[in-house]
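Asks: Pasting a structure here, questions to come.
Chains as they are written, first to last, in the working numbering: chain A, 222 to 805; chain B, 222 to 805.
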């Protein structure tokens, strides 16, 4: 056991060089500077006072630098997870209630524990069940919900909380006359600044520029006296060590949210971590260790008043572009935030909430992926439907329900499709030894005495009935002249016991009707199963062939009375790894 | 539209002949005679007075004869459905309460409506998701539960109702001293008679013999005075027409039971109906019409005080062996029961309940399928586990929960397996053009400059990560000498949009690294997808081959500077049904 596998910092810290620092220092500072406005904005999105966003940008970054495997991943508060905190905790307490902050911190502990356990038990594979369209539909819907939740900060009047988007939009429109013009102008100005700077140079922290511009505007024009909302007092000092408080009811109530955040947070993080690894290739990202790293980051953070965090897209990209080489960049970012907490928070007294809203707005605009939807509409109608349904379910049923619905629906689609697989009847391509689908190749020649079918799926309980039915139909079309059926098994990836029962019935039926039943291209694992359960014996080893043409030739030879077995070829086609064959 | 498809009686009644009657008359009478004791026994199992078993053997049989497609299926009360009625209604009312009978009849109406709707919307395919091991495990467990529920009638003392088998057994053992000897002897005698006669001749209704013997024993030895329980008064007359009464709460409470009975009843019925069709082949069993037939039978029955019915194994087998040719046999059975109800019920006054219990016991003994479990243990360990888990879940969680658990588990297994499919690296068999798995065939020759892999599953979101990981690992083992990767697609039955994304990444990665990427044996539907989403263009049409050997030859030719495309062959390997290719 290599300790360095579990504490990846030991892989790079002992060999840390000046060269590395030359990359890490500017990267760490840039990300740190981004983190100040983003952290405060995402805390606001989560329903927390802005300072908690700064807390969440300290301890978790340090812990991840020790236990995480990615060297460019920038961990911290992100929009999606913050939204999930807002909805998850919002079900238990009002954002203004005293308990809200405690719940958010408890949630970080729970998320951390879940991720840690998933990592220890190597359950990282679970994210594979989130398909591309489901993630895309979910993310776009969540981005819309996030964006709309910030509308009140941009328009300057209160819109009642709601998870129904038409209610939010309706409210915003009917009360549009109440709009607070300075707030709206400042917010729109912030959006223009951030997007403009991003177009121009991605390493300049546009959101910080907007923050500074916003503070100056408030101070210069005394906008706070004119009704503009500002963040006001931010406590000075490092987050205090404090144990998350809880009782069993809280844990139960927060569990669905914790599970969703643990999963979604990990999906976002591992996706960007893998993308970085593919660019650098000088280290390996291990998904179980990533779960452990994120889990410990959340657990550690929860003892220092952090709400749930994960690795985010945008800051990681900036971190990488600014030249980060190791986790030291994250350590530098965290130090910058700590310095800010110790000395700079008074500077943000006049920061307008509208500017924080514009930071969030710009971040989530990028998450709405219309291009993918258009692509799927043209390329894969089924996956388009999946995306659309997940999108709509997330908007109408809620964030957690939407993703659960998407996962279940996509799995149901997979099962449904495998229950009605593609089945091809093959014919010989003139002048060749090749056999092809007669529906696709008009010149593929069918023989009236031989039915050749290729079944394009594993044969298992959900499709055995369909298989039998199709076989009977094709057989009936052939009529009385049918002498042999050849089952092409190149695409039959597995057999279960239900399929073995059905195949046995079919073989026995053909035996009584004097129709030969041959199989070709049966692959190793399936041969093993056939051997183990006696089906190979039932079909007869002499009826196993490698290719369709050989099977057809053998049939013709048999009909001509030349009944020699092609021993060598057959040996290949019936090879199995089973030593004790023939159980019935 | 052919009306005869929806009213199948019109297919055989107009051509009904004396010949047919010669088969149907003895079959109908034999089944009718069996139905008298079985009906009463199953009513007792369902928790109803015995006469309701006779009611359930009248109208439903007549309705099924009109609308059902099977000509040998014997519809009526069966053990499994009766047990489900007992547990389903038992949750709402005590067996002795006045409402119990009303609930059971309402359940028949609900089951009928569900089956009718399933038939109309052609949802019969849903039963395909019940795998062999799940049905087997569930049936064995249910049989155990049924058998144990009758223990009290055999032992002659009351055992409190429980769905936990160890409680029932424990109760029976601790109180065994209270056993009522005449009851036990009579019950065991009944079992011996029924099983003995069945061994001797299957068309003699052993249960009726046991019933007669039991009545005679009671009358001759005045056993009823000695504490033996008898059925006593059975009302005389045809079941009265009466509307099932219900309110919305009852419907809600009964819905889970109704869904389970509708599904399980249909599974049992369609299995035996298909087996009969396979024997006779002179008519067709249509699963949707079967649902409609059974649904109408239950609905019709519910208006004449019938509890839920379905087609049963044992009576159908007897019906067939006794020579039934059409649904007329069922009509004859129903008429015999009606005559019994009108004139013969007083004869059953002294019928001992222990005899009815022995009828049930013998019926369910046959349902416990140890052979299948032993077979699966040896042949398919995974399916054995499925059987065992369903069996245990049914015993411990309850009847309906057990089957639901089994279905979900078997689907989860399918998904899980498809997420980690078999992947083979191929090598050339010496002296042939064949390529085989190098792990299975020791003499298959690997080349150090070409990696040939065969992926044995559809490529979709749940396994793309695994595919990529495995590919990278195999690639790494090859080292720097790797010049080309050949993906063998004979077993890739489908691609979804997630897989397209991954393949595109892989191809682009190989392009930058100057490694050729070739595909062989890609099948029609997958070629269509590749073409539609631009992946074919991305891989390059010149890199599509039909067989591995051709791909390898082409690579060697390319390396030798001979770069002519084999136009004709390529045309075959890239054929698609798409007219507008190339969306990106």
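Glycine included, each C-beta is placed from N, C-alpha and C at the ideal position.
Keep in mind the model is a prediction, meaning the values are calculated, not measured.
Residue 399(A): buried (16+ other C-beta within 10 angstroms of its C-beta) or exposed?
Replies: exposed
Asks: Among 680(B), 649(B) and 301(B), whose alpha-carbon lies nearest the alpha-carbon of residue 265(B)?
Replies: 301(B)
Asks: Would you check if the distance between the CB atom of residue 532(A) and the CB atom of residue 294(A) is smaller than 8 angstroms?
Replies: yes
Asks: When the cut-off is 8 angstroms and only beta carbons count, does residue 677(B) lie next to chain A?
Replies: yes
Asks: Got a sec: which bits of the segment 330–350 of chain B sit with their beta carbon under 9 angstroms from any beta carbon on chain A, in order along the chain?
Replies: 346, 348, 349 and 350
Asks: Out of 671(A), 519(A) and 250(A), which one is the CA nearest neighbour of residue 298(A)?
Replies: When each option's Cα is compared against that of residue 298(A), the closest is 519(A).
Asks: For residue 228(A), would you say it is in contact with chain B, using Cβ-to-Cβ distances shorter than 8 angstroms as the test?
Replies: no
Asks: Excluding sequence positions up to five away, which residues of its chain have a Cβ less than 7 angstroms from the Cβ of residue 283(A)?
Replies: 552 and 555
Asks: Looking at residue 336(B): is its Cβ nearer than 8 angstroms to the Cβ of residue 515(B)?
Replies: yes
Asks: Is it the case that the Cβ atoms of residue 241(B) and residue 549(B) are separated by a distance below 8 angstroms?
Replies: yes
Asks: For the candidate residues 477(A), 236(A) and 559(A), whose alpha-carbon lies nearest to that of residue 280(A)?
Replies: 559(A)
Asks: State the Cα-Cα distance for the pair residue 504(B) and residue 230(B), rounded to the nearest angstrom.
Replies: 12 angstroms
Asks: Quick one: Cα of residue 223(B) to Cα of residue 331(B), how far?
Replies: 28 angstroms
Asks: So, is the C-beta of residue 738(A) closer than 8 angstroms to a C-beta in chain B?
Replies: Between residue 738(A) and chain B, the shortest Cβ-Cβ separation is not below 8 angstroms.
Asks: With 16 other CB atoms within 10 Å as the buried threshold, where does residue 473(A) fall?
Replies: Around the C-beta of residue 473(A), fewer than 16 other C-beta atoms lie within 10 Å, and the residue is accordingly described as exposed.
Asks: Beta-carbon of residue 759(A) versus every beta-carbon of chain B: anything under 8 angstroms?
Replies: no
Asks: On the DSSP bridge assignment, give the partners of residue 532(B) in chain order.
Replies: 296(B)
Asks: Which complete alpha helix (DSSP H) runs does the segment 723–796 of chain A hold, if anything under 4 residues is left out?
Replies: Along the segment 723–796 of chain A, the alpha helix (DSSP H) occurs as fully enclosed runs of 4 or more residues at 745–753, 756–760, 769–780 and 788–794, listed in sequence order.
Asks: Grouping DSSP H, G and I as helix and E and B as strand, with all else coil, what is residue 381(B)?
Replies: In the displayed model, residue 381(B) falls within coil according to three-state DSSP, outside both helix and strand.
Asks: Taking its Cβ as the centre, do 16 or more other Cβ atoms sit within 10 Å of residue 784(B), making it buried, or is it exposed?
Replies: Residue placement at residue 784(B) is poorly supported in this model, since its pLDDT is 47, which falls under 50; the coordinates are not used for a value here.
Asks: Quick one: grab the DSSP three-state call for residue 269(B).
Replies: coil
Asks: Counting pairs of Cβ atoms below 8 angstroms between the segment 750–767 of chain B and the segment 614–622 of chain A, do you hit three or more?
Replies: no
Asks: Do you know how far the Cα of residue 719(A) is from the Cα of residue 419(B)?
Replies: 29 angstroms
Asks: Kindly indicate the opening and closing residues of the beta strand (DSSP E) around residue 705(B).
Replies: Residue 705(B): member of the beta strand (DSSP E) spanning 705–709, first to last residue.
Asks: Using only CA atoms, which one of 339(A), 274(A), 318(A) and 268(A) lies nearest to residue 306(A)?
Replies: 268(A)
Asks: What are the residues in the segment 699–716 of chain B lying within 9 angstroms of chain A by C-beta distance?
Replies: 711, 712, 713, 714, 715 and 716
Asks: With DSSP run on the structure shown, which of helix, strand or coil describes residue 491(B)?
Replies: helix
Asks: Grab the span of the alpha helix (DSSP H) containing residue 232(B) for me, first residue to last.
Replies: 230–233
Asks: Is it buried or exposed, residue 459(A), if we count other Cβ atoms within 10 angstroms and call 16 or more buried?
Replies: exposed
Asks: Can you list, in chain order, the stretches of the beta strand (DSSP E) that have 3 or more residues and sit fully within the segment 595–670 of chain B?
Replies: 644–649 and 656–658
Asks: Looking only at C-alpha atoms, which of 432(A), 365(A) and 425(A) sits nearest to residue 410(A)?
Replies: For the options 432(A), 365(A) and 425(A), the alpha carbon positioned closest to that of residue 410(A) is the one of 432(A).
Asks: For the segment 328–378 of chain B, list the alpha helix (DSSP H) runs that are entirely contained and at least 4 residues long, ordered along the chain.
Replies: Listed in chain order, the alpha helix (DSSP H) runs fully inside the segment 328–378 of chain B are 353–370 and 372–376, counting runs of at least 4 residues.
Asks: If you measure from the beta carbon of residue 746(A) to each beta carbon in chain B, is any gap under 8 angstroms?
Replies: The Cβ of residue 746(A) sits closer than 8 angstroms to at least one Cβ of chain B.
Asks: Between residue 663(B) and chain A, is any beta-carbon pair separated by less than 8 angstroms?
Replies: no
Asks: Tell me whether residue 676(A) sits in a helix, a strand or coil according to DSSP, three-state version.
Replies: strand
Asks: In whole angstroms, what is the alpha-carbon distance linking residue 571(A) and residue 452(A)?
Replies: Rounded to whole angstroms, the gap between the alpha carbons of residue 571(A) and residue 452(A) is 6 angstroms.
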